[in-house]
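Everything on this sheet refers to the single structure shown next.
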Amino acid sequence: MDMENITVIGSGTMGNGIAHLFAQYGYQVALADINQQALDKAIQTITANFDRQIKKGTADETTKQKALGNITTFTDLQQAVKGAQLVIEAATENSEIKLDLFKQLSELCADDTILASNTSSISITKIASVTKNPGNVIGMHFMNPVPVMKLVEVIRGYTTTDAVTATIMQLAEKLDKVPVEVNDYPGFVANRILMPMINEAIYTLYEGVAGVYEIDTVMKLGMAHPMGPLQLADFIGLDVCLAILNVLHAGFGNPKYAPCPLLVNMVTAGHKGIKTGEGFYKYTAGSKELIVAPKFA
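Plus 2 on top of the position in the sequence shown (first one is 1) and you've got our numbering.
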C-alpha cells in the first residue's frame with residue numbers, strides 16, 4: 003500500500019512525536035485529541051523540537067515549515083480519520099480506553115485501513131478482537147523521543163495478516179527507522195526485558211542497598227547505559243512503568259513481575275517523574291541539573 007494520509011490519535015509525548023516524524027517525511031498527518039488546548043500544546047512542542055533539530059543541523063527551516071504545514075489538528079474523531087490509510091493510536095496506556103477507541107475506529111474507518119497501536123504492553127490480539135477486521139490491526143511501538151530513536155517494535159497480533167505486517171515493516175524503513183517484528187505476548191520484547199530491570203532497581207533502593215544516584219551511576223558507568231534505570235523510569239513516567247508491570251504480572255502470573263511497593267506508593271502519591279516534576283529526581287523547568295528528590299536525598 004502506497005500511503006499518504008496518516009491519522010495519529012493522541013497528542014501527548016508519543017503522539018506528537020509520531021506526528022512530527024511522519025510530517026517530516028512528507029506524509030499528510032491528521033493529529034486528533036479530545037480538546038484543542040492539548041493539540042495547540044502539541045504543535046508548540048513539535049515546533050520547539052524542530053528548532054532543536056535545526057540547532058543540531060539535522061533539519062532546516064524549510065523542512066520545519068513544510069512539516070508543520072503537513073499537520074492538521076482535529077477534535078472530531080470522525081473527521082480526523084476520514085481518508086486515512088493508517089491510523090496510529092497513541093492514547094493513554096489503559097486497556098479500556100484503547101478497546102473503546104478501536105471499536106470506534108473500526109466503525110469509522112474504511113475496511114482496508116490499517117489500525118496500529120503504539121501500546122508498550124497491551125495485547126494487540128485483544129485490541130484486534132473488538133474490531134471488524136482484526137487482520138488489519140498491528141502494533142507500532144515507537145521509542146521516545148520518536149524523531150531520534152531508531153527502533154520500531156512491530157507487534158504482530160494472532161490474526162494480523164502477512165500483508166499488513168509487511169506494509170508496516172516497509173513503512174518504518176521509509177521513515178529511516180529499524181523495524182523489528184515480534185509476536186504478541188505481554189511486554190513484547192522491549193518492556194519484557196526493560197521493566198523487570200527498572201523494577202529491580204526500585205527494589206534495590208526500597209531495600210536500602212544504595213541510593214538513587216549510586217544505583218544509576220553503577221548502571222551508567224558499569225553497564226554503559228546512557229541513562230540510569232531510575233532516571234529512565236522518571237523519563238518514561240512512573241505511572242506508565244506501573245501499568246506495564248501490572249500487565250506483565252497479570253499476563254504471566256509470575257511474581258517476578260510484581261511491581262515494587264515503593265513504585266506503587268509513588269504513583270499513588272502523584273509523584274510520576276518528569277511529567278509531575280518529581281519522581282526519583284526533582285525536576286525544575288529550564289534546568290538540566292539532575293537532583294535527587296528530597297524523599298531520597
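Glycine included, each C-beta is placed from N, C-alpha and C at the ideal position.
- prompt: Since S119 sits in a beta bridge, which residues does DSSP pair it with?
  reply: E91, G141
query: How should S289 be labelled, buried or exposed, when 16 other C-beta atoms within 10 angstroms of its C-beta is the threshold for buried?
result: exposed
task: Measure how close the beta-carbons of T133 and F104 come, nearest whole angstrom, since I'm counting them as under 8 Å.
output: 6 Å
query: With distances taken from CA atoms, which of I140, N146, K58 is nearest M171?
result: I140
message: Taking the beta carbon of T60 as the centre, do at least 16 other beta carbons fall within 10 Å, making it buried, or is it exposed?
response: T60 comes out exposed.
field: Residue interval of the alpha helix (DSSP H) (run including I56)
entry: Note, I56: alpha helix (DSSP H), 38-58.
message: I need the straight-line Cα distance from A40 to L33, nearest angstrom please.
response: 11 Å
- prompt: Is the segment 86-93 close to the segment 8-23, with three or more CB pairs under 8 Å?
  reply: yes
- prompt: For the candidate residues K222, N248, L196, whose alpha-carbon lies nearest to that of N96?
  reply: N248
- prompt: Does the Cβ of T15 have 16 or more other Cβ atoms within 10 Å, making it buried, or fewer, making it exposed?
  reply: buried
message: Quick check on this structure: which residue in P149, C262, S125 has the alpha carbon closest to the alpha carbon of V191?
response: S125
- request: Using a threshold of 7 Å, state whether the C-beta atoms of A69 and Q26 are closer than that.
  value: yes
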